[in-house]
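Same order as they appear, the protein sequences are chains A and B. According to our numbering, the residues represented by the first sequence are 3 to 454, in order. According to our numbering, the residues represented by the second sequence are 3 to 454, in order. The C-beta atom is built at its ideal place from N, Cα and C for all residues, glycine as well. Quick notes on the structure that follows.
2 protein chains.
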Amino acid sequence: MSGARERLVVIGGDAAGLSAAAQARRLREAGALEVVVLEQGPEISYSACGIPYWIGGQVSDRDRLLARTPGQFEAHGIDVRIHTRAEAIDLPAGTVTTSSGEVLGYDRLVVATGGRPVRPPVPGLDADGVHGVHRLADGADIRAAIAAGAERAVVLGGGYIGLEMAEVLHARGLAVTVVLADPLPMAQLDPDMGERVCAAMGAMGIEVHPGEPVREIETGPDGVVRAVRTDAGSYDADLVVLGLGMGAEVSLAREAGLQLGRTGAIEVDRSQRCVGHPEVFAAGDCSQTFSRITGEALHIALGTHANKQGRVAGSVIGGRPARFAGVLGTAVTKVGETEIGLTGLSSRAAELAGYDARAEVVEGTTRAGYYPGAEEIVVKLITERGSGALLGAQVVGGPGSAKRIDVFATAIWAGLTAEELAGVDLSYAPPFSPTYDPVLVAARVSSRIEQG
Amino acid sequence: MSGARERLVVIGGDAAGLSAAAQARRLREAGALEVVVLEQGPEISYSACGIPYWIGGQVSDRDRLLARTPGQFEAHGIDVRIHTRAEAIDLPAGTVTTSSGEVLGYDRLVVATGGRPVRPPVPGLDADGVHGVHRLADGADIRAAIAAGAERAVVLGGGYIGLEMAEVLHARGLAVTVVLADPLPMAQLDPDMGERVCAAMGAMGIEVHPGEPVREIETGPDGVVRAVRTDAGSYDADLVVLGLGMGAEVSLAREAGLQLGRTGAIEVDRSQRCVGHPEVFAAGDCSQTFSRITGEALHIALGTHANKQGRVAGSVIGGRPARFAGVLGTAVTKVGETEIGLTGLSSRAAELAGYDARAEVVEGTTRAGYYPGAEEIVVKLITERGSGALLGAQVVGGPGSAKRIDVFATAIWAGLTAEELAGVDLSYAPPFSPTYDPVLVAARVSSRIEQG
Numbered sequence: 003m004s005g006a007r008e009r010l011v012v013i014g015g016d017a018a019g020l021s022a023a024a025q026a027r028r029l030r031e032a033g034a035l036e037v038v039v040l041e042q043g044p045e046i047s048y049s050a051c052g053i054p055y056w057i058g059g060q061v062s063d064r065d066r067l068l069a070r071t072p073g074q075f076e077a078h079g080i081d082v083r084i085h086t087r088a089e090a091i092d093l094p095a096g097t098v099t100t101s102s103g104e105v106l107g108y109d110r111l112v113v114a115t116g117g118r119p120v121r122p123p124v125p126g127l128d129a130d131g132v133h134g135v136h137r138l139a140d141g142a143d144i145r146a147a148i149a150a151g152a153e154r155a156v157v158l159g160g161g162y163i164g165l166e167m168a169e170v171l172h173a174r175g176l177a178v179t180v181v182l183a184d185p186l187p188m189a190q191l192d193p194d195m196g197e198r199v200c201a202a203m204g205a206m207g208i209e210v211h212p213g214e215p216v217r218e219i220e221t222g223p224d225g226v227v228r229a230v231r232t233d234a235g236s237y238d239a240d241l242v243v244l245g246l247g248m249g250a251e252v253s254l255a256r257e258a259g260l261q262l263g264r265t266g267a268i269e270v271d272r273s274q275r276c277v278g279h280p281e282v283f284a285a286g287d288c289s290q291t292f293s294r295i296t297g298e299a300l301h302i303a304l305g306t307h308a309n310k311q312g313r314v315a316g317s318v319i320g321g322r323p324a325r326f327a328g329v330l331g332t333a334v335t336k337v338g339e340t341e342i343g344l345t346g347l348s349s350r351a352a353e354l355a356g357y358d359a360r361a362e363v364v365e366g367t368t369r370a371g372y373y374p375g376a377e378e379i380v381v382k383l384i385t386e387r388g389s390g391a392l393l394g395a396q397v398v399g400g401p402g403s404a405k406r407i408d409v410f411a412t413a414i415w416a417g418l419t420a421e422e423l424a425g426v427d428l429s430y431a432p433p434f435s436p437t438y439d440p441v442l443v444a445a446r447v448s449s450r451i452e453q454g
Numbered sequence: 003m004s005g006a007r008e009r010l011v012v013i014g015g016d017a018a019g020l021s022a023a024a025q026a027r028r029l030r031e032a033g034a035l036e037v038v039v040l041e042q043g044p045e046i047s048y049s050a051c052g053i054p055y056w057i058g059g060q061v062s063d064r065d066r067l068l069a070r071t072p073g074q075f076e077a078h079g080i081d082v083r084i085h086t087r088a089e090a091i092d093l094p095a096g097t098v099t100t101s102s103g104e105v106l107g108y109d110r111l112v113v114a115t116g117g118r119p120v121r122p123p124v125p126g127l128d129a130d131g132v133h134g135v136h137r138l139a140d141g142a143d144i145r146a147a148i149a150a151g152a153e154r155a156v157v158l159g160g161g162y163i164g165l166e167m168a169e170v171l172h173a174r175g176l177a178v179t180v181v182l183a184d185p186l187p188m189a190q191l192d193p194d195m196g197e198r199v200c201a202a203m204g205a206m207g208i209e210v211h212p213g214e215p216v217r218e219i220e221t222g223p224d225g226v227v228r229a230v231r232t233d234a235g236s237y238d239a240d241l242v243v244l245g246l247g248m249g250a251e252v253s254l255a256r257e258a259g260l261q262l263g264r265t266g267a268i269e270v271d272r273s274q275r276c277v278g279h280p281e282v283f284a285a286g287d288c289s290q291t292f293s294r295i296t297g298e299a300l301h302i303a304l305g306t307h308a309n310k311q312g313r314v315a316g317s318v319i320g321g322r323p324a325r326f327a328g329v330l331g332t333a334v335t336k337v338g339e340t341e342i343g344l345t346g347l348s349s350r351a352a353e354l355a356g357y358d359a360r361a362e363v364v365e366g367t368t369r370a371g372y373y374p375g376a377e378e379i380v381v382k383l384i385t386e387r388g389s390g391a392l393l394g395a396q397v398v399g400g401p402g403s404a405k406r407i408d409v410f411a412t413a414i415w416a417g418l419t420a421e422e423l424a425g426v427d428l429s430y431a432p433p434f435s436p437t438y439d440p441v442l443v444a445a446r447v448s449s450r451i452e453q454g
């Protein structure tokens with residue numbers, strides 16, 4: 003490398019962008035690489051995933067959702083500019099034009115513009131009283147609505163944001179109705195597992211209306227939300243929360259001419275490089291990723307992937323080869339006391355991907371049956387017929403259930419078969435699991451049937 | 003196989019013996035194989051691991067520790083004989099002589115005589131007030147001692163039985179002193195991790211005296227225990243509990259001439275066959291096993307291994323080849339709110355096994371830092387220098403910590419490197435982990451240093 007100082011510009015000051023900046027800085031000194039991070043908002047590095055729990059009151063102080071401050075990055079020689087929006091990228095010129103009017107040249111560019119909440123194309127969505135759960139400001143707005151006396155909430159969507167919002171609004175004393183287009187909540191689950199989630203929500207007193215796409219947000223003469231209408235009914239609401247998932251925020255990239263993938267997110271190679279522009283990287287919720295199992299293109303907005311992808315980009319920029327190893331689609335969430343975990347392919351996804359798949363369901367307990375706090379847990383394991391390869395797993399159960407999905411994720415990642423997993427020396431003591439952990443029972447049942 | 007009906011005799015009606023019997027029965031019909039289980043005690047299939055929690059009152063009813071009854075096995079055509087002790091095995095004749103005077107011929111034999119609590123060779127050990135924690139009768143005796151007003155307990159040993167007994171006796175309101183010969187509790191842990199356990203016990207109000215082998219159980223003129231004496235002091239006690247670990251119960255096997263291994267347990271091949279006697283199997287706490295990592299002979303008394311080993315023996319007897327895949331030494335326990343998990347090799351064990359090992363310690367939280375119930379967790383990861391192969395892991399922390407050891411166990415089992423583990427798509431949501439789970443941070447820190 004020549005003695006000339008290069009400049010890395012990072013667009014977006016959250017998980018992916020900051021990981022890229024920090025890793026590049028770690029590998030190249032300030033004298034060799036200038037690092038500038040542009041963040042349009044007032045904060046960097048906030049935990050969007052924590053917003054529901056701030057609304058719910060589990061997190062008392064908004065500032066606790068801020069993991070790091072610009073000053074912490076400045077101290078490492080990273081120039082973080084908040085309230086600074088990247089207005090345009092000129093790829094041939096190698097410049098970014100900012101909202102402050104500056105035209106910033108770059109040698110390397112990381113696009114980390116994040117996600118954009120999915121908004122259904124229905125009338126009334128911009129009404130007063132309709133809120134996303136994306137920015138800290140959204141959280142403040144919903145808290146204010148509750149403080150002002152909101153009593154009836156409709157949550158649109160039954161994915162993890164929908165479930166978490168339903169839980170916290172219910173806990174705050176609101177009457178909560180969840181309206182979703184999918185036939186069941188947590189649509190990545192197999193239907194039998196999704197039904198368990200749906201039943202658990204009902205048992206809590208949350209009203210669930212699956213299979214009902216929203217048609218209109220009805221407002222009063224004051225322009226404030228009054229109800230949510232579907233083909234099946236109209237549900238009164240003085241507060242509507244959008245939990246319809248997260249798309250990729252790609253307007254800047256699209257306008258610049260960066261190639262988008264078939265998921266609509268920015269297409270990148272395994273080193274997070276954009277197509278045809280080896281000096282430009284994309285990472286996090288704005289970028290397309292791939293399934294470690296099938297190789298297929300996916301878009302999954304999740305902080306853990308964003309961190310890792312940003313780190314890969316930062317490594318490459320810092321001169322150390324790195325590759326992102328793919329995702330399994332692992333997810334955990336909870337609604338009330340019911341925990342949900344999933345990883346890999348569902349039965350349907352396995353079939354669509356061309357696998358001859360089979361599934362086994364086992365019921366067990368989270369602790370030794372005689373130990374206090376032993377809760378029901380249901381484990382579903384999806385394997386390839388013949389080879390016994392693990393394809394996916396799903397868990398629904400009481401406290402202590404969800405994190406068991408990590409064992410399946412590790413086993414799938416490593417390419418274990420069901421029979422191999424059944425042999426693994428997992429931990430056992432009465433406060434932590436039955437002698438045969440349900441994870442092992444599921445693996446054993448799957449392998450036993452495989453053996454005929 | 004000829005039409006003649008064969009007989010399988012199983013000595014021992016607990017985890018290993020019953021797994022062997024059930025699996026053999028599953029594979030061969032009653033017309034082809036007679037299955038007889040001899041159990042010297044009054045019950046089969048009881049959870050020895052649950053005894054501390056019965057004493058502690060977490061388990062109210064002793065019968066809840068009985069997983070299965072003889073009747074359930076009879077219904078599957080397995081002849082379970084309680085109160086029937088195997089007095090002798092005649093290998094050349096192929097017979098077992100029972101305490102009822104019967105000489106029972108066998109075609110296949112499974113020795114599953116279980117473990118024997120370690121008893122130090124010190125005076126006074128047979129005094130009134132000194133109890134093991136092995137049989138249900140031991141649990142009843144300790145409960146009776148507490149009910150009769152015992153106030154001061156000394157627990158001998160700082161392994162998991164010692165810790166669990168210290169916890170439950172403390173919870174029952176006794177003043178508890180733990181006396182151990184090892185320099186720290188949970189001696190399989192590295193010293194820095196063991197110190198954390200020791201400090202947690204002290205903070206609970208449990209008095210811990212490490213490095214003090216017991217020299218004598220002092221008794222009063224009534225022959226009842228009065229104190230435990232070490233070289234450093236004498237500790238008053240009206241109740242003494244033996245938590246010194248579990249050896250192999252091999253007297254019957256030794257007298258019969260079956261070969262014992264260097265651990266003192268019965269030596270078996272990977273199919274649980276005894277040396278030189280292909281028709282005789284041993285499984286569970288009486289048998290020797292091996293490390294999956296080093297291949298080295300080990301003796302580990304644990305119900306999960308016993309189940310799996312019994313199942314292997316039963317499979318082979320049933321005509322289906324099977325091999326036991328080894329152990330990692332995974333263990334979990336808790337003392338108060340402090341959870342402990344470990345798997346694989348400690349730093350010292352890795353060194354003794356000839357590895358050029360290095361260790362990293364990371365501190366984190368069990369949940370997102372801002373989420374209620376986020377507790378401190380410390381993870382230690384031991385890897386091979388150069389290859390980055392995972393050798394062992396240890397976890398000490400608050401509720402939610404211990405079960406994370408299963409991810410390491412699965413990763414070690416599958417042969418992942420630290421760098422590979424750092425990439426695994428583990429689950430994340432604020433109630434379950436920080437964005438970067440401490441498991442991944444430990445793997446990443448280990449792999450980063452490996453990269454120089």
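Residues that residue 61 of chain B contacts on chain A, provided the C-beta gap is smaller than 9 Å: 370, 372, 373, 374, 432
Beta carbon proximity, residue 355 of chain A to chain B, threshold 8 Å: no
Whole-angstrom distance between residue 110 of chain A and residue 211 of chain A, CA atom to CA atom: 48 Å
CB contact check: residue 140 of chain B to chain A, cutoff 8 Å: no
C-alpha gap between residue 175 of chain A and residue 341 of chain A, whole angstroms: 21 Å
Those residues which DSSP pairs with residue 370 of chain A across a bridge: Residue 370 of chain A pairs with nothing; no bridge assigned.
contact_flag[the segment 410–428 of chain B, the segment 396–414 of chain A] where n(CB pairs < 8 Å) is 3 or more: yes
Spatially closest choice to residue 441 of chain B from B/396, B/201, B/261, B/432, by CA coordinates: B/396
Short-range partners of chain B found in the segment 321–341 of chain A, where Cβ spacing is below 7 Å: 327, 329, 330, 332, 333, 334, 335, 336
Neighbourhood of residue 283 of chain A by C-beta distance below 6 Å, restricted to the same chain and skipping five residues each side: 112, 274, 275, 315
Under the three-state DSSP convention, the category residue 22 of chain A falls into: helix
Residues bridged to residue 292 of chain B [DSSP beta-bridge criterion]: B/299
Separation of residue 160 of chain A from residue 2 of chain A, as counted between CA atoms: Lying outside 3 to 454, the shown extent of chain A, residue 2 of chain A is not represented and no answer is given.
Secondary structure, beta strand (DSSP E): runs of 3+ residues fully inside the segment 300–380 of chain A: 333–337, 340–346, 359–367
Residues that DSSP places opposite residue 276 of chain B in a beta bridge: B/270, B/279
Neighbourhood of residue 41 of chain B by C-beta distance below 6 Å, restricted to the same chain and skipping five residues each side: 15, 84
Any C-beta of chain B under 8 Å from that of residue 405 of chain A: yes
Proximal residues of chain A, C-beta to C-beta of residue 418 of chain B below 8 Å: 412, 415, 416
Residues that residue 237 of chain B bridges to, as DSSP identifies them: B/230
Backbone CA spacing between residue 248 of chain B and residue 103 of chain B [nearest angstrom]: 30 Å
For residue 10 of chain B, the three-state DSSP class (helix, strand or coil): strand
Burial state of residue 253 of chain A (16 or more Cβ within 10 Å): exposed
Beta-carbon neighbours of residue 428 of chain A, restricted to chain B and to distances below 8 Å: 306, 332, 408, 411, 412
Simplified DSSP state of residue 118 of chain B, which is helix, strand or coil: strand
Inter-residue CB distance, residue 359 of chain B and residue 387 of chain B (contact presumed, cutoff 8 Å): 7 Å
Burial state of residue 233 of chain B, where buried means 16 or more other Cβ atoms lie within 10 Å: exposed
Neighbour-count burial assignment, residue 199 of chain A, 16 or more Cβ in a 10 Å radius: buried
Residue burial classification, residue 434 of chain A (beta-carbon count within 10 angstroms, cutoff 16): buried
Near-chain B residues of the segment 37–64 of chain A (beta-carbon distance less than 7 Å), N- to C-terminal order: 49, 51, 52, 55, 60, 61
Own chain, CB closer than 7 Å to residue 92 of chain B, minus 5 neighbours either side, in chain order: none
Residue 45 of chain A in three-state terms, based on DSSP: coil
Residue from A/39, A/261, A/297 whose Cα sits closest to the Cα of residue 280 of chain A: A/261
Cβ of residue 457 of chain B within 8 Å of any chain A Cβ: Residue 457 of chain B lies beyond the stretch modelled for chain B, which goes from 3 to 454, so this question has no answer here.
Under 9 Å by beta carbon: chain A residues contacting residue 296 of chain B: Under the 9 Å cutoff, chain A gives no residues; its nearest Cβ is about 14 Å from residue 296 of chain B.
Buried or exposed (CB count within 10 angstroms, at least 16 for buried), residue 31 of chain A: exposed
Residue from A/427, A/18, A/147, A/416 with nearest C-alpha to residue 394 of chain A: A/416
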